[in-house]
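Number of protein chains: 2
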Amino acid sequence: MELTRRKKEILKIVVEGYIATAEPMGSKAIVEKMSGKISSATVRNELADLTELGYLEQPHTSAGRIPSPAGYRLYVNELMEKKALSPEETEEINRSLSGKMAGTDEMISRAGQMVSSFVGYPTYTVADHKSAATVRRFELIGVDERSFIAVVMLSDSQVKSQLMALELPVAPEQLPRLSHLLNTHFTGIGTAEMNTHLMSLSDQVDGSRFLLLNRVVEYAGELLAKTERQEVFTNGASQILKFPEYRDVDKAHDLMSFMVDNKENLPVPMGDTPMQILIGPENVNDALKESSVVIASYDIGDNMRGLVGVVGPTRMDYATVAARLSYFAESLSAMFGKKNQLPPKEEEE
Amino acid sequence: MELTRRKKEILKIVVEGYIATAEPMGSKAIVEKMSGKISSATVRNELADLTELGYLEQPHTSAGRIPSPAGYRLYVNELMEKKALSPEETEEINRSLSGKMAGTDEMISRAGQMVSSFVGYPTYTVADHKSAATVRRFELIGVDERSFIAVVMLSDSQVKSQLMALELPVAPEQLPRLSHLLNTHFTGIGTAEMNTHLMSLSDQVDGSRFLLLNRVVEYAGELLAKTERQEVFTNGASQILKFPEYRDVDKAHDLMSFMVDNKENLPVPMGDTPMQILIGPENVNDALKESSVVIASYDIGDNMRGLVGVVGPTRMDYATVAARLSYFAESLSAMFGKKNQLPPKEEEE
DNA sequence: TTTAGCACTCTTTTTCCCGGAGTGCTAAGC
DNA sequence: GCTTAGCACTCCGGGAAAAAGAGTGCTAAA
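Spelled out as structure tokens, the structure:
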């Protein structure tokens, strides 16, 4: 059943009013918003209909109306006006993005911080690998007889390195050969295969050098595991305390500890919609049943995308959040595009 | 004026009782704790004295007593018994520390997480450099004509690396020479000097290679700056919500956002006391005037120390926190000691 | 279909009162 | 002189009752 134009108008007013004040809206307040085109009795009739249709709810008999999840959904899908950012806002975003660029991980989590402080809600970020990463290249740098630096470049162009100590000395002259060995046998494959290869080498390579290879392969395995693990970072969790829906300390605590200790279960969007909004009970996770999440994704190089999610009460200011978040996502895509448009490529499998 | 033995005993009971229950202690409850050696009237007299001396306070005329900051201070300095950890506790700490070891930064911030969940209060961590770091070694690894990997090893044995793109191509054969140049002129010195040297090279080295050097030196500069910046990590901030003193959401919010947005102003201990306790108003920072901080430091390699601070209400369980924290600090020192002394050995067990 | 009017419901705020907890003081006891 | 019993007093916290508000739903008329 299609709603009349007027019902939609009223619904919109209720949603936006409730978003702004966190107070249920009564018929009188609505009439005011409509600049008196209509009487409060009429509005009451409309409200009764909207309530019956499931778009509005009444906290108790003699209170005003608040939106139901369905009401928010309708609002988000049809009624919400795409806000444009003011020049000051875009300016501010651009400024905050323009700082020194660091490693990919760090940038991703910093982006989360920026978004959080800019939208005024907690956020979380994930780096999502479309396909499993592999090692593209190894390099061993001798420090002295008993230590060396392992450098590992992954297929997503990340480079990691670590200083490693050795139980048994290995002459630095050996290192180029060992690097070569690693590069010919251990690139482009997964952790499991790396381990198999390693086993098969155990009788071809002598003890101390085998130990060295073992260390490096293990290290690479950890790095690959880390990229799979899709580490989630959360930012600004304390911002929820600003909202009256979390004045109840226990609720606040539940949500916050969920965001911190259970990060992995924060929603990630399926498919590749640029932006997704999950309202209250649409969230699978119990801890989020009374909260909403807005998730945007942006591109990071070849086969990765970044996700940034905004968490807030169902009464979240969807229009503003969506506008800011999507601008942010676009800017981040552009930025990573520029950063990563190095010449990748070499051997492919 | 020196307190009598009995006054101290009573003060101790009040402090510990209040720490345990967050309720003011009355004379009757105290008598009970003293197993009736003394009447409640006597206790009341003693309480009146202790209040007059400034060690106790009364929330209102007909409530029991709670410790004043001075009372806590006396308790911490003289009355508190050094708790020993139970075997289960040491076991648990050892277990949580025994995981895979990663880079120094990551370990430090992970240590903070562990401490936080183990003591049940929020924590923060800092890596404190006793003297400025320098670059110990550079290494350049060619990827193709237009990109290369810069590896930088710092004087504190950290190794960092990054993939870099070039505006102008540089033949890979050039890289060893450039590395050598870097290693001879840019190691062991500060950022300022590096820049001076770089300038003086500008007419000896041609354009594309100069650009490359410039990039690497800039990168090294950032790394050095980062070690100076003493980045602060906070963990488990939401734990404060468990405590009744922060049931007031605004107070909780103040403290949490301070810990998150103002990390840099969290106290770091002066001198090199192994552990320091700051009680309520002893904290310089307004946001911490009603909270206490326990800070421990531990050694990380050559010229660095790590700090881990525990933040809680003034009613914090000092004895337990101090015991756990100092055990943690010792274990961390030992662990970093082992990790950083390059030729380790596995033995004992 | 819209509107004015009104009784009704439910929440919130205020007020008042009472019981409990704990104190400080006084005067007597050791 | 220290300790103790006794007691009046203060203050907080909780609960009941009352008052104030806010907003509704319904009816009947425009």
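Chains A and B, in that order, are what the protein sequence lines are.
With the working numbering, the residue at position 344 of the first sequence is 334, and numbering never jumps.
With the working numbering, the residue at position 225 of the second sequence is 215, and numbering never jumps.
Note that beta-carbon positions come from the ideal geometry of N, C-alpha and C, so glycine has one too.
Going by DSSP, ILE267 of chain B is part of the beta strand (DSSP E) stretching over 265 to 268. With its beta carbon less than 8 Å from one in chain B, ILE139 of chain A belongs to the interface.
Boundaries for GLU42 of chain B: no beta strand (DSSP E) harbours it, while the alpha helix (DSSP H) harbouring it runs 30 to 42, taken from the DSSP string. Taken atom to atom, the span from the alpha-carbon of GLU47 of chain B to that of MET70 of chain A is near 56 Å. Between the stretch 309 to 321 of chain A and the stretch 288 to 298 of chain A there are three or more C-beta pairs closer than 8 Å, enough to call the two in contact. Between LEU231 of chain A and VAL239 of chain B, the C-beta spacing is below 8 Å.
In the three-state DSSP reduction, HIS119 of chain B falls in the strand class (E or B). Less than 8 Å separates the beta-carbon of SER198 of chain B from that of VAL160 of chain B. Between VAL258 of chain B and GLY61 of chain A, the alpha-carbon positions lie close to 51 Å from each other. Residue-level contact by beta carbon fails for LEU201 of chain A and chain B, as no gap is shorter than 8 Å.
DSSP, reduced to helix, strand and coil, places LEU172 of chain B within a helical segment of the structure shown. Contact annotation for ALA227 of chain B against chain A: ALA227, SER228, MET246, VAL250 [CB-CB distance below 9 Å, chain order].
Non-local C-beta neighbours of ALA313 of chain A in its own chain, meaning closer than 8 Å and more than five positions away in sequence, comprise LYS72, LYS73, ALA74, LEU75, ordered along the chain. Taking a contact as a CB-CB distance under 8 Å, the pair ARG136 of chain A and LEU156 of chain A counts as one, their CB atoms being some 5 Å apart. Between ALA117 of chain B and GLN220 of chain B the beta-carbon gap is near 7 Å, inside 8 Å, which marks them as a contact. Contacts with chain B at 8 Å (Cβ-Cβ) include LYS232 of chain A. PHE200 of chain A: member of the alpha helix (DSSP H) spanning 197 to 219, first to last residue. When Cβ-Cβ separations below 8 Å define contact, GLU163 of chain B makes no contact with chain A. Using a C-beta cut-off of 8 Å, the stretch 265 to 282 of chain A makes contact with the stretch 242 to 252 of chain A, since at least three inter-stretch Cβ pairs fall below that distance. Put simply, the backbone Cα of SER145 of chain B is about 10 Å away from that of ILE179 of chain B. C-alpha of PRO303 of chain B to C-alpha of TYR8 of chain B: approximately 12 Å in a straight line.
Put simply, the backbone Cα of SER190 of chain A is about 16 Å away from that of ARG205 of chain A.
Secondary structure of ASN225 of chain B (DSSP, three-state): strand. For LYS27 of chain B, no CB of chain A lies under 8 Å from its own CB, so it is not counted at the interface with that chain. The Cβ atoms of THR113 of chain B and GLY16 of chain B do not sit closer than 8 Å to each other. The beta-bridge partner set that DSSP reports for LYS150 of chain A consists of A:VAL142. Beta-bridge annotation (DSSP): SER316 of chain A is not paired with any residue.
ARG237 of chain A has a beta carbon lying within less than 8 Å of a beta carbon in chain B. DSSP places ASP307 of chain B in the coil class of the three-state scheme, outside both helix and strand. Assignment of ALA155 of chain B by DSSP, reduced to helix, strand and coil, places it in the strand class. Ranked by Cα distance from ILE290 of chain B, the options B:LYS150, B:ASP95, B:SER282, B:ALA12 are led by B:ASP95. Of all alpha-carbon atoms in B:GLN148, B:GLN164, B:TYR111, B:PHE108, the one lying nearest the alpha-carbon of ILE131 of chain B is that of B:GLN164. Shown here, PHE233 of chain A sits in coil according to DSSP, grouped into three states, outside any helix or strand. Along the stretch 1 to 22 of chain B, there is no position whose C-beta sits under 8 Å from a C-beta of chain A. Distance check between LYS23 of chain B and each of B:THR51, B:GLN103, B:GLU(-1), B:ASN35 places B:GLU(-1) closest, using alpha-carbon atoms only. Taking a beta-carbon distance threshold of 8 Å, HIS187 of chain B does not count as an interface residue toward chain A.
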